[in-house]
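Remarks on the structure that follows.
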Amino acid sequence: MKKQFISDITSEGKKVESTFALKFKKPPVDYKSNKEGKWFEMRLADKTGEITAKYWGNDEKKTLDIYDSFSRGCVVSLTGTVQEYPKGSNNFSISIDSAIDTLKVCEIREYDVGDFVATTTKDIDKMLVEVRSILASVKDKDLIRLVMLFVRDKKFMDLFSKTPAAMEYHQNYVGGLLEHTLNVMKIADNVCSLYPELDRDLVVSGAFLHDIGKMSELELSGTLIGVSHEGMLIGHTVIGHDMVSKRIAGLDDFPVTLKLKLLHIVLSHNGHKEYGSPKVPQLPEAVVIHHADDCDAKVDIFLRLKREANTDDPWIWDKKIKGHVYLE
């Protein structure tokens, strides 16, 4: 059983004895002084967060052997000491001194994958019922034909309900994509109630489909959320566009203009080209989905930062949002 989580590492000098998933490791380097041996840095993770660890070796061969014994995604068991730098920053790391501490790879039987990959706290089955209920209210006969192709595809829905929404930033856990999509659908649907001129059926359908490319972009690799080769080379917006296009191609007499509008929503939902959108929103319905998507992601990030803040200070600064968050 895992003894300590990263969220428990909150004070300098505290001893650490636990297991962590390896996100990446940097090559061993020589000490700047004349000290013998090498040291290397790792980025470790569990379901509560991430932390940097540094292994300080005094025997070069032993250090290189340990370094070569593990790879990305494996789980390591270690002992070490918490360090904080700079002082008062709440920026903690783990120092592993080869003279007194240990670092080794764990076998599968020695850990529970659930300790490293978080799962949504919401009820997945209930969220699926809500998604289906909202989609069932779509009146446009062509859009309902299309979305039902996805909803009735068990393999698709199983993966849709398990995929994370992101690798790091928002809802980065099993079930995150479903949770995020449902939130976007609800936000967008409420906006439609304020603006009757909007095509609600297009908005709701687009909200459901906007991020489905993440099902191929993101992958659970053992203990970590990673980006697939397809995700790196193509990206979820274009993958999603292709997934929707393929389904539409199997439907007889699907209106060309409706197809273009729906595909535009998928391609433009990130809002800006520098954020991965091949097109910026050019339809009012696309504007709604872009901002609903952005709203849910940002609110989730801010709420998590507040929950995880470990300070008496009323303010924190976070590099992900490049700004401050007020905690009181």
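Residue numbers (the numbering used here): 430 to 757.
C-beta: ideal position from N, C-alpha, C; glycine also.
In this text, all values refer to a predicted model and were calculated from it rather than measured experimentally.
Find out if the Cβ-Cβ distance for the pair residue i, residue j is shorter than 8 Å.
i, j, result
"residue 680", "residue 574", "yes"
"residue 714", "residue 627", "yes"
"residue 486", "residue 450", "no"
"residue 508", "residue 467", "no"
"residue 639", "residue 669", "yes"
"residue 636", "residue 617", "yes"
"residue 676", "residue 578", "yes"
"residue 514", "residue 457", "no"
"residue 576", "residue 622", "no"
"residue 732", "residue 743", "no"
"residue 540", "residue 504", "yes"
Tell me whether residue i sits in a helix, a strand or coil according to DSSP, three-state version.
i, result
"residue 633", "helix"
"residue 492", "helix"
"residue 583", "helix"
"residue 441", "coil"
"residue 660", "helix"
"residue 497", "helix"
"residue 703", "helix"
"residue 643", "helix"
Can you tell me where the alpha helix (DSSP H) holding residue i begins and where it ends?
i, result
"residue 615", "605 to 623"
"residue 578", "570 to 580"
"residue 562", "553 to 565"
"residue 674", "665 to 678"
"residue 732", "713 to 737"
In the DSSP output, which residue or residues are listed as bridge partners for residue i?
i, result
"residue 755", "744"
"residue 540", "Looking at the DSSP assignment, residue 540 forms no beta bridge with any residue, so it has no partner."
"residue 484", "469 and 525"
"residue 512", "522"
"residue 648", "655"
"residue 689", "BP columns for residue 689 are empty, so no partner."
"residue 709", "DSSP lists no partner for residue 709."
"residue 533", "506"
"residue 458", "468"
In the DSSP assignment, find the unbroken beta strand (DSSP E) run with residue i in it and report its ends.
i, result
"residue 470", "467 to 475"
"residue 447", "444 to 454"
"residue 546", "Where residue 546 is concerned, there is no enclosing beta strand (DSSP E), given that its DSSP letter is neither H nor E."
Does any heavy atom of the ligand SAH sit closer than 7 Å to the C-beta of residue i?
i, result
"residue 481", "As far as ligands go, the structure on display features none, and thus does not contain the ligand SAH."
When you compare the CB of residue i with every CB in chain D, is at least one pair closer than 8 Å?
i, result
"residue 690", "No chain D appears in this structure, which consists of one protein chain only."
inquiry  = So, does the region 601 to 616 touch the region 540 to 551, judging by three or more C-beta pairs under 8 Å?
reply    = yes
request  = Decide yes or no for the touch test of the region 488 to 507 against the region 527 to 540: beta carbon pairs closer than 8 Å, at least 3 of them.
outcome  = yes
Inter-stretch contact at 8 Å, needing at least 3 Cβ pairs: the region 581 to 598 / the region 651 to 664 = yes
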